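Remarks on the structure that follows.
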Amino acid sequence: MPRRSLEEDFVRRLIISIFLIALLQGFGLLISLFIFLPWIERFLRETGSWKPYPGPEPVPRPMPRKPHSRGPNRGISLTDGLIFEAPKKLIQGAEALIKVGFRNRTGKSLRVSIDLSELALYGKLERRTLDLYLLPGEERSEYVRFVPSKVGKHALTVRVRSGPFMGKKAIEIEITGEKAGGNGLEALLSRYERVELIGEGGFGKVYRALRDGRWVALKVPHVLNERTGKLFLREVSIWRELRHGNIVKLHDANLTPYPYIEMELCDRSLEDLEKPLPAERVAEIAFEVAEGLKYAHSKGIIHRDLKPSNVLLKGSKPKISDWGLAKVLFESGTTTVTAMTPYYASPEQISPSRFGGVDERTDVWQLGVLMYELATGRRPFEGSDFVEVAGRIIMEEPQRPSELNPEAKPLEGVILRCLSKEKERRYGSVEELQRDLSGILGGKYREELKKSVEPSRSAYYAGQLFLLHLRLGDAKEALKYARDLLRYARGREREELERLIEQIELRVEEGLPVPRELVEKGEVVVHGVGGNPSNCSHS
1 MPRRSLEEDF VRRLIISIFL IALLQGFGLL ISLFIFLPWI ERFLRETGSW KPYPGPEPVP
61 RPMPRKPHSR GPNRGISLTD GLIFEAPKKL IQGAEALIKV GFRNRTGKSL RVSIDLSELA
121 LYGKLERRTL DLYLLPGEER SEYVRFVPSK VGKHALTVRV RSGPFMGKKA IEIEITGEKA
181 GGNGLEALLS RYERVELIGE GGFGKVYRAL RDGRWVALKV PHVLNERTGK LFLREVSIWR
241 ELRHGNIVKL HDANLTPYPY IEMELCDRSL EDLEKPLPAE RVAEIAFEVA EGLKYAHSKG
301 IIHRDLKPSN VLLKGSKPKI SDWGLAKVLF ESGTTTVTAM TPYYASPEQI SPSRFGGVDE
361 RTDVWQLGVL MYELATGRRP FEGSDFVEVA GRIIMEEPQR PSELNPEAKP LEGVILRCLS
421 KEKERRYGSV EELQRDLSGI LGGKYREELK KSVEPSRSAY YAGQLFLLHL RLGDAKEALK
481 YARDLLRYAR GREREELERL IEQIELRVEE GLPVPRELVE KGEVVVHGVG GNPSNCSHS
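As structure tokens, then:
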């Protein structure tokens, strides 16, 4: 029964009292008590137990929901997609750029907010939050300016939130007391051990150095201003995302305490080779350079500055370097005429109004110039200055390679097609160029495989034929030579090769393309089984 208020009880008691008085006057005391005694007893019990009305019971407040640590897709953590890249050491008072972003590894579009407020406890931060909208599979990042102030090693937390989901990532930063504005180059080099200058070019100096037990190459530009510094960071950020066996790995880059690029250390460049080289070796180098270009072109990236000093060798494997640095060099305004002599420039780079804009076929031209030089020992277009060389590139045809070196004859048609003035007459893509190079290489490898009596040589050439067809996407031919290679495989390498053969067989049966991941596995297996025996090694 619901409880009554004090006012309701008072009115009820007053009415009953008047009613009882009237009864007593009409029926007498004894008769009235006898008739109404049960009702009076009940009334007294109820009135004796009266309590004030407490009002409506409070509605319980819902407990706040704790943000989920997992992402919108089950099993995917927001922390996994967070990007936070800062220099290994920050200099007190020296502005640094910190890369912050997110990789959307879910199957849905996301709005994410990245909280950097804890970083602001240790210096002046340009912005404390970064809001991004990302499509499925998209990656976005921005550079945030940070001026460190508190010296020491600091642990902080970066938070990323998307709707009700939240992730946290523990970050450690180190701020040193080296003063900004002093000798920045000395401060930079002091981070490394056994530093040795190994080269200098139009862009800057190159050092060999040891850091954290790993040998690296350190490239330091001559001059960068505020405008070209931003361009420098943008270009090297593109390079950092290129991960391929024929592309030099970029480990780190920043503007403080002095602009630098830390990258994979290689043995030498094509510039250091004694030329001319045998036609087959030229074809091998060109095929692998084209493999790296093919990967970059698939991401919409064009090199634009292929030349011998930008193609490095690690062992016998060519790797393309200096992605985007030519643009930085040009924008800096410090380029000399000699440095810009366009021995390797394409017609469209010299006269875009006449030959059109730069595209993938520009890299095809420059690869043709490289092949010409490697096969003959001379560049196709020579001259004493910029104007003379540029004029010959636009107006003249190069001398046939076989006239300079008869052994270059097998490559002559390929090279001259690459060096067509009109882009439409060149190879339309590096894949198309690779198919012609594979004809030269395949013939050589098959010939050597047939006459070989040594297991190591047979394994090497079977492995090269396997990789050649795998890189061309010809799974059926690759499978043929993979089975040949299996005869020379032992132990763990044999197991790996058997698994690889199963994957290739499946693709042949289903008519599926050969993905890059399968090519990379093939390279690892071939290295383990066939290797590169000394009697098959290259310059």
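Each step along the sequence shown adds one to the number in the UniProt record's numbering, with nothing skipped, and position 309 is 309. All residues carry an ideal CB built from backbone N, CA and C; glycine is no exception. None of these values were measured; they are calculated from a predicted model.
C-alpha gap between residue i and residue j, whole angstroms
| i | j | result |
| --- | --- | --- |
| Leu-472 | Leu-242 | 20 Å |
| Lys-108 | Pro-136 | 5 Å |
| Val-195 | Lys-314 | 20 Å |
| Glu-360 | Leu-293 | 9 Å |
| Asp-484 | Val-147 | 60 Å |
| Leu-116 | Lys-521 | 39 Å |
| Val-431 | Leu-110 | The sequence given here places Glu at residue 431; Val does not occur at that position. Each residue's alpha carbon lies about 36 Å from the other. |
| Leu-372 | Ala-187 | According to the sequence as given, residue 372 is Tyr; it is not Leu. Tyr-372 and Ala-187: Cα-Cα distance of roughly 43 Å. |
| Leu-189 | Ile-261 | 12 Å |
| Glu-517 | Leu-497 | 14 Å |
| Gln-366 | Ser-237 | 24 Å |
| Gly-511 | Ile-501 | 15 Å |
| Thr-129 | Leu-416 | 55 Å |
| Val-311 | Glu-274 | 15 Å |
| Glu-493 | Val-508 | 22 Å |
| Arg-191 | Ile-171 | 21 Å |
| Asp-363 | Arg-490 | 41 Å |
| Asp-80 | Leu-97 | 22 Å |
| Val-524 | Gly-530 | 10 Å |
| His-244 | Tyr-295 | 7 Å |
| Leu-433 | Tyr-460 | 24 Å |
| Phe-355 | Arg-425 | 12 Å |
| residue 556 | Glu-138 | Only positions 1 to 539 of the chain appear in the structure, and residue 556 is not among them; the question remains open. |
| Ala-408 | Tyr-344 | 19 Å |
| Ser-456 | Ser-316 | 18 Å |
| Glu-447 | Glu-412 | 21 Å |
| Glu-403 | Tyr-427 | 23 Å |
| His-527 | Glu-477 | 19 Å |
| Gly-368 | Val-519 | 25 Å |
Nearest-angstrom Cβ-Cβ length linking residue i and residue j, presumed shorter than 8 Å
| i | j | result |
| --- | --- | --- |
| Leu-125 | Val-144 | 7 Å |
| Asn-246 | Val-206 | No, Asn-246 and Val-206 are not in contact; Cβ-Cβ is about 20 Å, not under 8 Å. |
| Ile-114 | Val-158 | 7 Å |
| Leu-82 | Val-160 | 5 Å |
| Phe-381 | Pro-401 | Wrong, their Cβ atoms sit about 13 Å apart, outside the cutoff. |
| Val-248 | Ser-321 | 4 Å |
| Lys-168 | Phe-84 | The Cβ separation is near 12 Å, so there is no contact. |
| Leu-306 | Leu-231 | Leu-306 to Leu-231, Cβ: 20 Å. No contact. |
| Leu-479 | Ile-504 | 5 Å |
Bridge-paired residues (DSSP) for residue i
| i | result |
| --- | --- |
| Glu-235 | In DSSP, Glu-235 forms no bridge with anything. |
| Asn-254 | Tyr-260 |
| Thr-129 | Asp-115 |
| Lys-153 | Glu-174 |
| Pro-148 | Gly-123 |
| residue 578 | In this structure the chain extends from 1 to 539, so residue 578 is not present and cannot be described. |
Contacting residues, own chain, Cβ-Cβ under 6 Å from residue i (five flanking each side not counted)
| i | result |
| --- | --- |
| Pro-221 | Phe-203, Gly-204 and Pro-259 |
| Pro-276 | Ala-375, Thr-376, Gly-377 and Asn-405 |
| Leu-250 | Trp-239, Arg-240 and Met-263 |
| Arg-379 | Tyr-343 and Glu-373 |
| Ile-285 | Pro-318 |
| Leu-87 | Residue identity differs from the one stated: residue 87 is Pro in this sequence, not Leu. Ala-96 and Asn-254, listed in sequence order. |
Cβ-based neighbour list, residue i, same chain, cut-off 7 Å, excluding 5 preceding and 5 following
| i | result |
| --- | --- |
| Leu-358 | The sequence as given places Val at residue 358; Leu does not occur at that position. Closer than 7 Å at Cβ, skipping near neighbours: Ile-302, Arg-304, Glu-348 and Gln-349. |
| Tyr-481 | Ala-462, Leu-465, Phe-466 and His-469 |
| Gly-229 | Leu-255 and Pro-259 |
| Ile-18 | none |
| Val-514 | Leu-470, Gly-473, Ala-475 and Arg-507 |
| Pro-410 | Ala-279 and Ile-440 |
| Arg-140 | Gly-101, Phe-102, Leu-132 and Leu-134 |
| Gly-184 | Pro-257 and Tyr-258 |
| Arg-234 | none |
| Gly-383 | Val-389 and Arg-392 |
| Leu-119 | Leu-125, Phe-146 and Leu-156 |
Contacting residues, own chain, Cβ-Cβ under 8 Å from residue i (five flanking each side not counted)
| i | result |
| --- | --- |
| Val-337 | Caution applies to Val-337, whose pLDDT of 38 falls short of 50 and renders its modelled position unreliable; the model cannot decide the point. |
| Tyr-122 | Pro-148, Ser-149, Lys-150, His-154, Leu-156, Ile-173 and Ile-175 |
| Pro-352 | Val-358 |
| Arg-435 | Leu-472 |
| Lys-421 | Pro-347, Phe-355 and Ile-394 |
| Glu-200 | Val-206 |
| Glu-193 | Ala-209, Leu-210 and Arg-211 |
Check whether the stretch 249 to 257 and the stretch 76 to 94 are in contact - that is, three or more C-beta pairs closer than 8 Å. yes
Using 8 Å as the threshold, is the stretch 302 to 314 in touch with the stretch 445 to 454, meaning 3 or more CB pairs across them? no
Per the contact definition of three or more C-beta pairs closer than 8 Å, is the stretch 440 to 449 in contact with the stretch 387 to 401? no
Tell me whether the stretch 97 to 106 and the stretch 266 to 275 touch, counting them as touching only if at least three CB pairs, one residue from each stretch, are closer than 8 Å. no
Counting beta carbon pairs with one atom in the stretch 273 to 289 and one in the stretch 208 to 217, are three or more of them shorter than 8 Å? no
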